[in-house]
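Engineer:
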Amino acid sequence: MIYDYECSYCGNKQYGVEQSVKDKPIKKCSKCNKLTLERVILSPPMVKCTNITTVGQLAEKNAKKIGKYALSERSEKNKNKIEKNIYGNLDKKQTRKLANMSKKQKEKYVMTGEGL
Ligand SMILES: [Zn+2]
Numbered sequence: 010m011i012y013d014y015e016c017s018y019c020g021n022k023q024y025g026v027e028q029s030v031k032d033k034p035i036k037k038c039s040k041c042n043k044l045t046l047e048r049v050i051l052s053p054p055m056v057k058c059t060n061i062t063t064v065g066q067l068a069e070k071n072a073k074k075i076g077k078y079a080l081s082e083r084s085e086k087n088k089n090k091i092e093k094n095i096y097g098n099l100d101k102k103q104t105r106k107l108a109n110m111s112k113k114q115k116e117k118y119v120m121t122g123e124g125l
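Take any residue in the sequence shown, count from 1 to its spot, add 9: that is its number in the numbering used here.
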């Protein structure tokens, strides 16, 4: 599994940290050495990520909110489809921008589609 971390104290970002699902989340920030590192929910779209449940749920919520996609049933297929719709149209620049976003900015983007 690839995880992204962000320090809530100094804002240091550590993306693409490879860990086993069994591993405990890293707490110590490599920059300020405080135990304020937090796992970020969203991974950059180009990173292979199998843990899409949370993102999928957020995306589904967002999709309902903006009323763009009609959902007939809750299924993995639908989640993947929404995920593709949200990430599918990004160019390299936007993808990089998304990867450099803070946790809050990413959440806002997924929830509202705004911020890019
Ligand atoms: Zn830090």
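Backbone N, C-alpha and C fix where the C-beta goes; we use that ideal spot for every residue, glycine too. Since the structure is predicted, the reported quantities are computational estimates derived from the model, not experimental observations.
#1: Quick check: does the Cβ of Tyr18 come within less than 7 Å of any heavy atom belonging to ligand 1?
#2: Please state whether DSSP places Val26 in a helix, a strand or coil.
#3: Have a look at Glu47 and Thr121 and give me their C-alpha separation to the nearest angstrom.
#4: For the beta strand (DSSP E) containing Tyr14, list its first residue and its last residue.
#5: Determine the closest residue to Lys36 out of Val30, Ser17, Ile50, Gly25, with distance taken between C-alpha atoms.
#6: Can you grab the Cα-Cα spacing for the pair Lys115 / Ser39, in whole Å?
#7: Taking 7 Å as the cut-off, is the C-beta of Thr121 nearer than that to any heavy atom in ligand 1?
#8: On the CB-based measure, 16 or more other CB atoms within 10 Å of its CB, does Asp13 come out buried or exposed?
Structural biologist: In short, the structure shows the following:
#1: Reading the sequence shown from its first residue, position 9 is the one you call residue 18. Yes, since a heavy atom of ligand 1 falls inside the 7 Å radius drawn around the Cβ of Tyr18.
#2: Position 17 of the sequence shown, counted from the first residue, corresponds to residue 26. Three-state result, Val26: strand.
#3: Locating residue 47 in the sequence shown gives position 38, counting from the first residue. Locating residue 121 in the sequence shown gives position 112, counting from the first residue. The alpha-carbon atoms of Glu47 and Thr121 are separated by roughly 23 Å.
#4: Walking along the sequence shown from the start, residue 14 turns up at place 5. Unbroken beta strand (DSSP E) run through Tyr14: 11–16.
#5: By 1-based counting over the sequence shown, the position of residue 36 is 27. With distances taken between CA atoms, Lys36 lies nearest to Ser17 out of Val30, Ser17, Ile50, Gly25.
#6: Numbered from its first residue, the sequence shown carries residue 115 at position 106. Numbered from its first residue, the sequence shown carries residue 39 at position 30. Roughly 22 Å separates the two Cα atoms.
#7: Residue numbering aside, residue 121 sits at position 112 when the sequence shown is read from its first letter. In this structure, Thr121 has its CB at a distance of at least 7 Å from all heavy atoms of ligand 1.
#8: Translated into the one-based positions of the sequence shown, residue 13 becomes position 4. Within a 10 Å sphere around the beta-carbon of Asp13 sit 16 or more other beta-carbons, which makes this residue buried.
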